[in-house]
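S.K.:
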Amino acid sequence: MSAVEIWTWSLVLLTFGIYIYIGYASRVGDTKGFYVAGQGVPALANGAATAADWMSAASFISMAGLISVLGFDGAIYLLGWTGGYVLLALLLAPYLRKFAKYTVPDFVGDRYYSSTARTIAAVAAVFISITYVAGQMRGVGVVFSRFLGMSIEVGVVVGMIIVAFFAVIGGMKGITWTQVAQYSVLIIAFLIPVIAISAQLTGNPIPQLALITSDLVPRLNQIQVELGFNEYTQPFANRSMIDVIAITIALMAGTAGLPHVIVRFYTVPNVRAARYSAGWALLFISLLYLSAPILAIFARTNLLESLNNKPIAEIQELSWVQSWSRTGLLAFEDKNGDGILQIRGPKATDGIANELTKLDNDIIVLSTPEVAQLAPFIIALMAAGGLAAALSTASGLLLVVSSSLAHDLYYRLINPRATEERRLLVGRIVIFGAVVVAGYFGINPPGFVAEVVAFAFGLAAASFFPIILLGIFDKRANSQGAIAGMLVGLIFTAVMILMMQSVRIFGTAEPLMGNFLGISAQGIGTIGMILNFVVTLIVSRMTAPPPAEIQELVESVRIPRGAGAASAHD
Amino acid sequence: MASTRKVAVVEGGEEMAVAYWKANIRLIGILLGIWFFVSFIAGYLMAGIFNNISLGQVPLSFWIVQQGAIMTFVVLIFVYAVVMDRYDQRFNVHE
Chain A
1 MSAVEIWTWS LVLLTFGIYI YIGYASRVGD TKGFYVAGQG VPALANGAAT AADWMSAASF
61 ISMAGLISVL GFDGAIYLLG WTGGYVLLAL LLAPYLRKFA KYTVPDFVGD RYYSSTARTI
121 AAVAAVFISI TYVAGQMRGV GVVFSRFLGM SIEVGVVVGM IIVAFFAVIG GMKGITWTQV
181 AQYSVLIIAF LIPVIAISAQ LTGNPIPQLA LITSDLVPRL NQIQVELGFN EYTQPFANRS
241 MIDVIAITIA LMAGTAGLPH VIVRFYTVPN VRAARYSAGW ALLFISLLYL SAPILAIFAR
301 TNLLESLNNK PIAEIQELSW VQSWSRTGLL AFEDKNGDGI LQIRGPKATD GIANELTKLD
361 NDIIVLSTPE VAQLAPFIIA LMAAGGLAAA LSTASGLLLV VSSSLAHDLY YRLINPRATE
421 ERRLLVGRIV IFGAVVVAGY FGINPPGFVA EVVAFAFGLA AASFFPIILL GIFDKRANSQ
481 GAIAGMLVGL IFTAVMILMM QSVRIFGTAE PLMGNFLGIS AQGIGTIGMI LNFVVTLIVS
541 RMTAPPPAEI QELVESVRIP RGAGAASAHD
Chain B
1 MASTRKVAVV EGGEEMAVAY WKANIRLIGI LLGIWFFVSF IAGYLMAGIF NNISLGQVPL
61 SFWIVQQGAI MTFVVLIFVY AVVMDRYDQR FNVHE
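Protein sequence lines correspond, in order, to chains A and B. Counting from 1, one number per residue, gives the positions in the first sequence under full-length UniProt numbering. Counting from 1, one number per residue, gives the positions in the second sequence under full-length UniProt numbering.
#1: Could you tell me whether the Cβ of A/Leu290 comes closer than 8 Å to any Cβ of chain B?
#2: When DSSP labels each residue in this structure, what does A/Arg558 get in the three-state scheme?
#3: Would you mind telling me which residues of chain A sit closer than 8 Å to B/Ala19, beta carbon to beta carbon, in chain order?
#4: On the DSSP letters alone, give me the boundaries of the alpha helix (DSSP H) that A/Thr202 sits inside.
#5: Note down, in chain order, every chain B residue with its Cβ under 8 Å from the Cβ of A/Tyr85.
#6: Of the residues A/Asp350, A/Ile429 and A/Ile472, which one's Cα is nearest the Cα of A/Phe229?
#7: Using the C-alpha atoms, what's the distance from A/Ser56 back to A/Val261?
#8: Which residues in chain B have a C-beta closer than 9 Å to the C-beta of A/Arg272? List them in chain order.
#9: Compare the C-alpha of A/Ile429 against each of A/Met241, A/Pro311, A/Ile352 and A/His407 and name the closest.
#10: Figure out for me which residue from A/Val435, A/Ile76 and A/Gly155 has the closest Cα to the Cα of A/Gly523.
#11: Got a sec, what are the start and stop residues for the beta strand (DSSP E) A/Phe332 sits in?
#12: I want to see whether chain A comes within less than 8 Å of B/Ile30, judged by CB atoms only; does it?
#13: Run down chain B in chain order and give the residues with a C-beta less than 8 Å from the C-beta of A/Ser286.
#14: When the distance is taken between beta carbons, is A/Ala388 closer than 8 Å to A/Gln182?
#15: Identify each residue in the region 183 to 214 of chain A for which the Cβ-Cβ distance to at least one residue of chain B is less than 7 Å, and report them in chain order.
#16: Going along chain A, which residues have a C-beta under 9 Å from B/Asn51?
#17: Residues bridged to A/Lys310 by DSSP?
#18: If you check the beta carbons only, do A/Ser402 and A/Ala434 fall under 8 Å apart?
#19: Helix, strand or coil for residue 607 of chain A? Go by DSSP, reduced to three states.
#20: In chain order, what residues of the region 235 to 266 of chain A put their CB closer than 9 Å to some CB of chain B?
#21: If contacts are defined as beta-carbon pairs under 8 Å, then residue 571 of chain A and A/Ala521 qualify, I think. What distance do you get, rounded to the angstrom?
#22: Whole angstroms are fine: how far does the CA of A/Leu341 sit from the CA of A/Leu303?
#23: For A/Pro105, name the three-state secondary structure that DSSP assigns.
#24: Roughly how many angstroms lie between the CA atoms of A/Arg422 and A/Leu409, to the nearest whole one?
#25: Hey, does B/Thr4 have any beta-carbon neighbour from chain A nearer than 8 Å?
#26: Any beta-carbon of chain B closer than 8 Å to the one on A/Tyr95?
#27: Looking at the unbroken alpha helix (DSSP H) that takes in A/Leu148, where does it start and where does it end?
#28: Identify the residues that DSSP records as bridge partners of B/Pro59: which are they?
#29: Under 7 Å between beta-carbons, which chain A residues line up against B/Phe40? List them in chain order, please.
#30: Are the beta-carbon atoms of A/Ala64 and A/Gln200 separated by less than 8 Å?
#31: With DSSP as the reference, label A/Ile519 as helix, strand or coil.
#32: Looking only at DSSP bridge pairs, what is A/Lys358 linked to?
#33: Quick one: which chain A residues come within Cβ less than 7 Å of B/Phe62?
#34: If you measure from the beta carbon of B/Gly33 to each beta carbon in chain A, is any gap under 8 Å?
#35: Exposed or buried, A/Glu549, counting other C-beta atoms within 10 Å across all chains shown (16 or more means buried)?
#36: Closer than 6 Å by C-beta to A/Val41: which residues in its own chain qualify, once you throw out the five before and the five after it? Chain order, please.
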């Protein structure tokens, strides 16, 4: 066993032990504890839990890699996945906390006094969360197989057992406190390598300062141009401006509308705490999001400098090249037979072919400590951090699946007379079932996992965000308007994504539709959201206003007083 | 259930609640205006112009969309929380 493997095993076992202990210590006995952690989570802790909930395997493993390829245009993820918190903090979170129920479909169903609206919301929440969670379980499997030499399948099963343990016995309470621990693990794991590489490359250990004061950016721009790529900082080199704007808005509104994020704000003691905990959440998230783009620059520079114009025999000796070549995520080919690896971009004019034939985005973060020759301990820490990111997001999503099915559909619609014990039992059974389904998709992923993530954000932006916003800010919005708006937003967005991604989803030769007015599948949720707003506003005004008690409900959620006393125990 | 559905009874109830909501909407408008300007105007629409200005060694728009905007977002949320604390007290709708 290598030093890296010993460290990885030790850290993984240690952190998993901590998660299991916390899950056991936070076991719950009622539905309020199970769904909203008894509404007793302090603002700061909820901020950390939200940050872990939010930052998925994709944020941790893939995002810096994506940015390093996109350069300036990587802003779509950076702005999109942080700017949504401003919308959440100012427009949704405080009022939903005042409303004081268990789920997002609860709000939609009560505010629009309609079982139809509740059902649409619950089905959308389950669909969004299941598509999202499959990617997380896959991420767990990938980390296990790369760092511990297990098969992806065994890795997924181990991850399932851990998540099932603390989610089934601890519900939201267990998930919350485990997420606080997971946030600590993932942020330490992400920052230590970035700081170490920053000191190594620039002599300044604070990456955000090194970015401004050192010659990092000019140097990378120069290398990029020499090799025939666009300047790293050039705007809109990969996507048009209109598409960049649409994608950013869709990711922002999608972030604010994702049920597993919104529901975290139900767990704090009062409205004031909901406002502050949104601030803490974004502060904690920004520690990673302000570092990832700099890691992207380090990684791109390191990679180009350590591979380009180097003898291939020498490159093949590098241990990180060997391990990643085996996974098929990294490949090169000596096309001109000179024994030297040449890397060239699309704008190269010297007639030399690009010989780096495959470089998967996911390698960037996970290989960086090895490329920079950091200690085995740090490499192992990356593995533990990736697992923490994937497990924390998976558990938050599974709780949404469980609450939508067991609370919104079973209790509120099918069997309103169910006893407290029975509701808790159903919640536990459903969350266990959801873990098994997620694990199945992790082991047998549909071939288009990356494409369905566009679904999750697009659908959240086109359904929940406008409906909840209008539910609070427009007293006139009624059930007819909301149902019509949600359906138009959901159907438009789903049809557009299916048509634009038809090559991967249906296997057609060409996409049924390339783009919509220059907007790609990732940004189409923005148009769906606008349609939802317009349809809801117009239909609401053409039909009868909501009943008086609903207008009173809207007035009550606008005012903080009384949130502490409120409860869902009817 | 009934208690959660009624507007909290406060001194001069209705009017204070209306004034509180107006103040809240104005604050949200100002903060979202800054949010929009930083992300979409300074970051994207003016990228061609702002990228000719440098912040240290980095083109300005690039720095805004990959660093500055995120820092601004964090500040905006805390500003909202702090100002709303004051409004909660002033309009007597605090918890």
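Quick reminder that beta carbons are idealized off the backbone N, C-alpha and C, glycines included.
M.R.: The short version:
#1: What you label residue 290 of chain A is simply residue 290 of the first sequence in a count that begins at 1. True, the Cβ-Cβ gap to chain B drops below 8 Å.
#2: Taking the first residue of the first sequence as position 1, residue 558 of chain A is located at position 558. When secondary structure is reduced to three states using DSSP, A/Arg558 falls in the coil class, being assigned neither helix nor strand.
#3: For the purposes of this step, residue 19 of chain B is taken as the residue at position 19 of the second sequence. Near B/Ala19 there are no residues of chain A at all, since even the closest Cβ is about 12 Å away, more than 8 Å.
#4: Against the first sequence, residue 202 of chain A aligns to sequence position 202. According to the DSSP assignment, A/Thr202 belongs to the alpha helix (DSSP H) that extends over Ile152 to Thr202.
#5: Within the first sequence, residue 85 of chain A is the residue found at index 85, counting from 1. Listed along chain B are Phe73 and Ile77, each with a C-beta nearer than 8 Å to that of A/Tyr85.
#6: Locating residue 229 of chain A in the first sequence gives position 229, counting from the first residue. It is A/Asp350.
#7: As a position in the first sequence, residue 261 of chain A is number 261, starting the count at 1. As a position in the first sequence, residue 56 of chain A is number 56, starting the count at 1. Rounded to the nearest angstrom, the two C-alpha atoms are 12 Å apart.
#8: Walking along the first sequence from the start, residue 272 of chain A turns up at place 272. Within chain B, the residues near A/Arg272 are Ala81, Met84, Asp85, Asp88, His94 and Glu95.
#9: Stepping through the first sequence from its first residue, residue 429 of chain A is reached at position 429. Selected option, being the one with the closest Cα: A/His407.
#10: The residue given as residue 523 of chain A occupies position 523 in the first sequence. Among A/Val435, A/Ile76 and A/Gly155, the Cα nearest to that of A/Gly523 belongs to A/Ile76.
#11: Counting from one through the first sequence, the residue named residue 332 of chain A turns up at place 332. Counting along the chain, the beta strand (DSSP E) containing A/Phe332 begins and ends at Leu330 to Phe332.
#12: As a working note, residue 30 of chain B is residue 30 in the second sequence. No, its Cβ sits nowhere closer than 8 Å to a Cβ of chain A.
#13: If you number the first sequence from 1, residue 286 of chain A lands on position 286. Within 8 Å of the CB of A/Ser286, the CB atoms of chain B belong to Ile70, Met71, Phe73 and Val74, in sequence order along the chain.
#14: Numbered from its first residue, the first sequence carries residue 182 of chain A at position 182. Numbered from its first residue, the first sequence carries residue 388 of chain A at position 388. Yes. Within cutoff.
#15: Within the region 183 to 214 of chain A, the qualifying residues are Gln208, Leu211, Ile212, Thr213 and Ser214.
#16: One-based indexing of the second sequence puts residue 51 of chain B at position 51. Under the 9 Å cutoff, chain A gives Phe72, Thr233, Gln234 and Pro235.
#17: Here residue 310 of chain A corresponds to residue number 310 of the first sequence, with the count starting at 1. Beta-bridge partners of A/Lys310 (DSSP): A/Leu341.
#18: Numbered from 1 along the first sequence, position 402 holds the residue referred to as residue 402 of chain A. Numbered from 1 along the first sequence, position 434 holds the residue referred to as residue 434 of chain A. Taking C-beta atoms as the reference points, A/Ser402 and A/Ala434 count as a pair closer than 8 Å.
#19: The first residue shown for chain A is 1 and the last is 570, placing residue 607 of chain A beyond what the model contains.
#20: Here the close residues are Pro235, Phe236, Met241, Val244, Ile245, Thr248, Ile249 and Met252.
#21: Because residue 571 of chain A is not part of the residues shown, which for chain A are 1 to 570, the question remains open.
#22: By one-based count along the first sequence, residue 303 of chain A stands at place 303. By one-based count along the first sequence, residue 341 of chain A stands at place 341. The alpha-carbon separation between A/Leu303 and A/Leu341 amounts to approximately 12 Å.
#23: Translated into positions along the first sequence, residue 105 of chain A becomes position 105. For A/Pro105, the three-state secondary structure derived from DSSP is helix.
#24: Counting from 1 along the first sequence, the entry for residue 422 of chain A is found at position 422. Counting from 1 along the first sequence, the entry for residue 409 of chain A is found at position 409. The alpha-carbon separation between A/Arg422 and A/Leu409 amounts to approximately 14 Å.
#25: As a first step, residue 4 of chain B is located in the second sequence; it is residue number 4 there, counting from the start. For B/Thr4, the predicted model reports a pLDDT of 43, less than 50, meaning its position is unreliable; a value from the coordinates is still stated below. The Cβ of B/Thr4 sits closer than 8 Å to at least one Cβ of chain A.
#26: Along the first sequence, one-based indexing puts residue 95 of chain A at 95. False, the Cβ-Cβ gap to chain B never drops below 8 Å.
#27: One-based indexing of the first sequence puts residue 148 of chain A at position 148. That run of the alpha helix (DSSP H) goes Ser115 to Leu148.
#28: Here residue 59 of chain B is taken as the residue at index 59 of the second sequence, counted from 1. Per DSSP, B/Ser54.
#29: Residue 40 of chain B sits at position 40 when you count from the first residue of the second sequence. Among the residues of chain A, those whose CB is under 7 Å from the CB of B/Phe40 are Ile245, following chain order.
#30: The residue labelled residue 64 of chain A in the question sits at position 64 within the first sequence. The residue labelled residue 200 of chain A in the question sits at position 200 within the first sequence. Against a cut-off of 8 Å, the Cβ pair of A/Gln200 and A/Ala64 comes out as no contact.
#31: One-based indexing of the first sequence puts residue 519 of chain A at position 519. Reduced to three states, the DSSP call for A/Ile519 is strand.
#32: Reading the first sequence from its first residue, position 358 is the one you call residue 358 of chain A. DSSP, once it has assigned bridges, lists A/Ala331 as partnering A/Lys358.
#33: In the second sequence, counting from the first residue as 1, residue 62 of chain B sits at position 62. Annotation: Cβ neighbours of B/Phe62 in chain A (cutoff 7 Å, chain order): Phe72 and Thr233.
#34: Along the second sequence, one-based indexing puts residue 33 of chain B at 33. It does not: the Cβ of B/Gly33 has no partner Cβ on chain A nearer than 8 Å.
#35: Reading the first sequence from its first residue, position 549 is the one you call residue 549 of chain A. So A/Glu549 counts as exposed.
#36: Translated into positions along the first sequence, residue 41 of chain A becomes position 41. Excluding residues within five positions, the ones whose Cβ falls inside 6 Å are Thr176, Thr267 and Val268.
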